[in-house]
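Taking it in order: structure first as structure tokens, then the write-up.
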Amino acid sequence: MLTTQSLNLPTSWFDAGSNVQFWEKLTQTLLPPYVNTCRWFAGKARQQTGFAATIVHTLPLTDGDVAYLVILEANYADGISENYLLPVSFLADNLVHTLPFQLTDVPEKGRIGDVTIAKQTGLLIDAIYDERFRAALFTAIYQNKTLPQTNGSLTFHRGNGLEEGDAHLSSRVLPVDSSNSAMTFGDKYFLKLYRKLFQETNPEVDMVAFLTDESKFDHIPAFGGSVIWQADHRPDITLGMVQRMVPNDKDSWMQTGDYLNDFLYAVPQRLFAIREDVFDKVELLGRRTGEMHCALYKPSRPGVPTDPAFAPEPFTDDYREFLIKRFDDLLERRYALLIDNYTKLDIQAQRLAWVFMEAKEMIDTFIADFRTRPIDSLRIRIHGDYHLGQVLATENDFVIIDFEGEPESSITERKIKHSPLKDVAGMIRSYHYAVSAKLFNSTETDALDPDHLQRVSDRWFYLIRDTFLNAYLDVFGAPHPLFRNNSEINFLLLIYLLEKAVYELGYEISYRPSWVKIPLKGIIDVIREIEKIRLSDGNTSPHVAMLQTNLLQTK
2 MLTTQSLNLP
12 TSWFDAGSNV
22 QFWEKLTQTL
32 LPPYVNTCRW
42 FAGKARQQTG
52 FAATIVHTLP
62 LTDGDVAYLV
72 ILEANYADGI
82 SENYLLPVSF
92 LADNLVHTLP
102 FQLTDVPEKG
112 RIGDVTIAKQ
122 TGLLIDAIYD
132 ERFRAALFTA
142 IYQNKTLPQT
152 NGSLTFHRGN
162 GLEEGDAHLS
172 SRVLPVDSSN
182 SAMTFGDKYF
192 LKLYRKLFQE
202 TNPEVDMVAF
212 LTDESKFDHI
222 PAFGGSVIWQ
232 ADHRPDITLG
242 MVQRMVPNDK
252 DSWMQTGDYL
262 NDFLYAVPQR
272 LFAIREDVFD
282 KVELLGRRTG
292 EMHCALYKPS
302 RPGVPTDPAF
312 APEPFTDDYR
322 EFLIKRFDDL
332 LERRYALLID
342 NYTKLDIQAQ
352 RLAWVFMEAK
362 EMIDTFIADF
372 RTRPIDSLRI
382 RIHGDYHLGQ
392 VLATENDFVI
402 IDFEGEPESS
412 ITERKIKHSP
422 LKDVAGMIRS
432 YHYAVSAKLF
442 NSTETDALDP
452 DHLQRVSDRW
462 FYLIRDTFLN
472 AYLDVFGAPH
482 PLFRNNSEIN
492 FLLLIYLLEK
502 AVYELGYEIS
512 YRPSWVKIPL
522 KGIIDVIREI
532 EKIRLSDGNT
542 SPHVAMLQTN
552 LLQTK
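Numbered per the working numbering, the sequence shown spans residues 2 to 556.
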């Protein structure tokens with residue numbers, strides 16, 4: 002650690018926000034080694050060329066002191082820079098005894114370094130570990146405050162999930178390291194501080210606020226409020242969000258794994274056993290998913306305009322081209338990856354891979370059909386990263402969480418409207434993963450023939466898939482503007498299932514080669530359905546081969 006003399010501020014901490022030289026020196030000395038130890042900093046593997054404190058916001062604390070919300074720019078030798086949020090507090094040695102918390106409460110990962118400020122030695126810390134900072138954030142949200150800053154303002158919005166009488170609650174930092182920071186208040190509210198910042202509002206805040214305040218959807222952690230940095234001539238930037246905490250035992254991935262244990266133990270005895278309450282849970286999740294999408298479907302009514310960010314939209318040519326281009330790029334990369342790694346796959350995966358590669362022309366024809374096929378269904382904002390791990394299982398129900406969208410997509414892309422069937426496809430693929438991972442990676446089934454396991458896995462999956470899908474569609478009734486007819490439902494669901502499974506394929510080839518058969522089987526299932534559409538449409542062009550299912554047969 003640097004000595005106190007290496008970073009010395011002659012003016013007071015209260016005036017440090019405007020001292021450019023102080024922040025410049027801080028970003029050249031203490032901050033680079035500190036930030037590179039932080040779990041939330043995503044630039045560790047990149048060649049860094051330096052940091053800069055581009056913006057310093059001031060947050061008054063309850064005792065008259067201040068903390069600073071620093072917008073830290075990380076610059077790299079290649080690629081664009083990134084912006085991160087780093088809240089900073091100063092704990093003077095001679096005043097530590099007056100603080101409402103102990104210095105020992107600040108973990109090593111929260112200690113930036115020793116400094117001397119106005120001849121007072123002390124410790125710079127990540128302010129999330131300062132109880133005064135946490136209280137100031139929460140109180141500002143509770144009171145709907147706006148704090149003018151040198152560059153714009155910090156605007157604190159209060160949501161309907163925050164109850165009266167909760168302005169002053171005890172707080173703590175959750176010990177889990179992740180890409181964001183989490184604090185709880187009275188074990189009743191959860192405040193997520195976003196660390197990596199984007200040049201617009203976070204889609205999670207938009208979605209949770211809309212579902213809570215506009216649609217009154219009860220099956221998410223209710224929106225309690227947000228912290229937004231607003232400035233002229235640019236989009237608002239989200240710094241944090243408050244939600245209600247939800248008591249839960251586990252997420253639905255874990256719950257499904259528990260249900261699958263009973264099924265798994267019966268398989269070696271050639272018994273097919275699914276408890277009735279498994280179907281009940283799947284039906285309930287299907288209904289809750291449908292209710293979520295109904296809550297996101299808000300067409301304008303006379304005298305009640307809808308927020309354009311949430312207004313339903315048709316399947317435009319631009320949207321189709323966006324989806325087709327993304328899928329074509331994805332497909333090309335996956336074919337190349339599969340060819341390069343083909344010999345590393347087991348026999349079962351190789352057979353599936355061969356059928357997939359032989360069906361390339363059929364897939365291309367299907368995607369080309371999407372470009373011109375008339376589609377009257379509508380698009381809305383959706384969850385965007387929907388799977389069993391995003392659903393908490395409470396005692397008798399489900400709570401849907403994490404509306405940030407696809408992690409690898411840009412913020413702008415995460416706000417693009419899709420058919421809600423994209424979320425449905427994500428959950429269907431998640432169920433397929435759950436049963437496949439359980440059956441193909443358990444000691445109880447090691448001695449069983451892989452083809453037999455595949456058949457058993459398929460039977461469980463198809464029953465669960467149809468149970469979920471039927472319960473989901475029952476919520477809407479027919480016809481519904483989101484789904485004009487069954488033909489469009491089937492066609493669009495295949496588009497999104499294929500995209501999801503092809504995406505999964507790249508991850509499994511790169512990181513879990515023994516799991517490659519899972520997305521490949523999902524792809525083959527979709528191709529079978531595509532072939533049915535071709536036959537029903539009478540679209541059997543002689544230059545496009547039919548599905549080579551004979552390749553899946555064991556010798």
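Cβ atoms here follow ideal geometry from the backbone N, Cα and C, with glycine treated the same way.
Here the structure is a predicted model, which is why all the values come from computation and not from measurement.
Using C-beta distances below 7 Å, list every residue in its chain close to residue i, excluding the 5 sequence neighbours before and after it, in chain order.
i: residue 466; result: 429, 432
i: residue 385; result: 406, 407, 415
i: residue 494; result: 422, 425, 426
i: residue 496; result: 371
i: residue 1; result: Residue 1 cannot be examined here, being either before or after the span of the chain that is shown, 2 to 556.
i: residue 193; result: 181, 183, 241, 242
i: residue 15; result: 67
i: residue 537; result: none
i: residue 394; result: 249, 250, 251, 252, 253, 256
Going by CA-CA distance only, name the one from the options that's closest to residue i.
i: residue 171; options: 252, 182, 191; result: 191
i: residue 1; options: 146, 136, 91; result: Residue numbering for the chain in the displayed model covers 2 to 556; residue 1 lies beyond these limits and cannot be assessed.
i: residue 161; options: 291, 100, 209, 523; result: 209
i: residue 67; options: 132, 262, 487; result: 132
i: residue 145; options: 134, 135, 163, 83; result: 163
i: residue 301; options: 334, 347, 215, 224; result: 215
i: residue 13; options: 400, 117, 82; result: 117
i: residue 523; options: 532, 510, 506; result: 506
i: residue 188; options: 206, 201, 197, 169; result: 169
i: residue 312; options: 419, 59, 456; result: 419
i: residue 333; options: 79, 314, 309, 358; result: 358
i: residue 308; options: 279, 224, 207, 35; result: 207
i: residue 35; options: 121, 126, 392, 417; result: 126
i: residue 228; options: 290, 177, 155; result: 155
i: residue 218; options: 291, 441, 174, 150; result: 291
State the Cα-Cα distance for the pair residue i and residue j, rounded to the nearest angstrom.
i: residue 271; j: residue 458; result: 13 Å
i: residue 103; j: residue 128; result: 14 Å
i: residue 325; j: residue 318; result: 10 Å
i: residue 515; j: residue 282; result: 30 Å
i: residue 166; j: residue 65; result: 23 Å
i: residue 152; j: residue 18; result: 12 Å
i: residue 478; j: residue 212; result: 21 Å
i: residue 460; j: residue 390; result: 23 Å
i: residue 530; j: residue 341; result: 28 Å
i: residue 360; j: residue 344; result: 19 Å
i: residue 199; j: residue 238; result: 7 Å
i: residue 82; j: residue 453; result: 51 Å
i: residue 249; j: residue 396; result: 7 Å
i: residue 195; j: residue 94; result: 30 Å
i: residue 109; j: residue 184; result: 17 Å
i: residue 204; j: residue 404; result: 7 Å
i: residue 435; j: residue 445; result: 16 Å
i: residue 339; j: residue 44; result: 29 Å
i: residue 158; j: residue 231; result: 12 Å
i: residue 21; j: residue 56; result: 10 Å
i: residue 197; j: residue 32; result: 16 Å
i: residue 4; j: residue 89; result: Unreliable positioning characterises residue 4 in this predicted model, as indicated by a pLDDT of 40, which lies under 50. A coordinate reading is not provided.
i: residue 511; j: residue 504; result: 12 Å
i: residue 565; j: residue 70; result: Outside the shown range of the chain (2 to 556) lies residue 565, about which nothing can therefore be said.
Compute the beta-carbon to beta-carbon distance between residue i and residue j, rounded to the nearest angstrom, for a pair I have assumed lies under 8 Å.
i: residue 421; j: residue 364; result: Their Cβ separation, rounded to whole angstroms, is 23 Å, which puts residue 421 and residue 364 out of contact at 8 Å.
i: residue 10; j: residue 30; result: Not confirmed; about 12 Å, so no contact.
i: residue 77; j: residue 48; result: 6 Å
i: residue 52; j: residue 74; result: 7 Å
i: residue 379; j: residue 482; result: 5 Å
i: residue 462; j: residue 286; result: With 8 Å as the limit, residue 462 and residue 286 do not qualify as a contact, their Cβ atoms being about 15 Å apart.
Could you pull out every residue in the same chain whose Cβ sits closer than 6 Å to the Cβ of residue i, ignoring the five residues on either side in sequence?
i: residue 222; result: 244, 245, 247
i: residue 297; result: 381, 382
i: residue 267; result: 274
i: residue 437; result: 458, 519
i: residue 349; result: 451, 518
At which residues does the alpha helix (DSSP H) containing residue i begin and terminate?
i: residue 262; result: 253-267
i: residue 20; result: It is not in any alpha helix (DSSP H) - residue 20 carries neither H nor E in the DSSP assignment.
i: residue 193; result: No alpha helix (DSSP H) contains residue 193, which is instead part of the beta strand (DSSP E) from 190-195.
i: residue 384; result: Where residue 384 is concerned, there is no enclosing alpha helix (DSSP H), given that its DSSP letter is neither H nor E.
Between which two residues does the beta strand (DSSP E) holding residue i run?
i: residue 158; result: 154-159
i: residue 620; result: Residue 620 falls outside the range modelled here, since the chain spans only 2 to 556, and no answer is possible.
i: residue 230; result: 224-231
i: residue 90; result: 83-93
Note down, in chain order, each residue of its chain lying with its Cβ closer than 8 Å to the Cβ of residue i, except the 5 sequence neighbours on either side.
i: residue 277; result: none
State yes or no: is the beta carbon of residue i nearer than 8 Å to at least one beta carbon in chain C?
i: residue 174; result: Absent from the structure: chain C. Only one protein chain is present.
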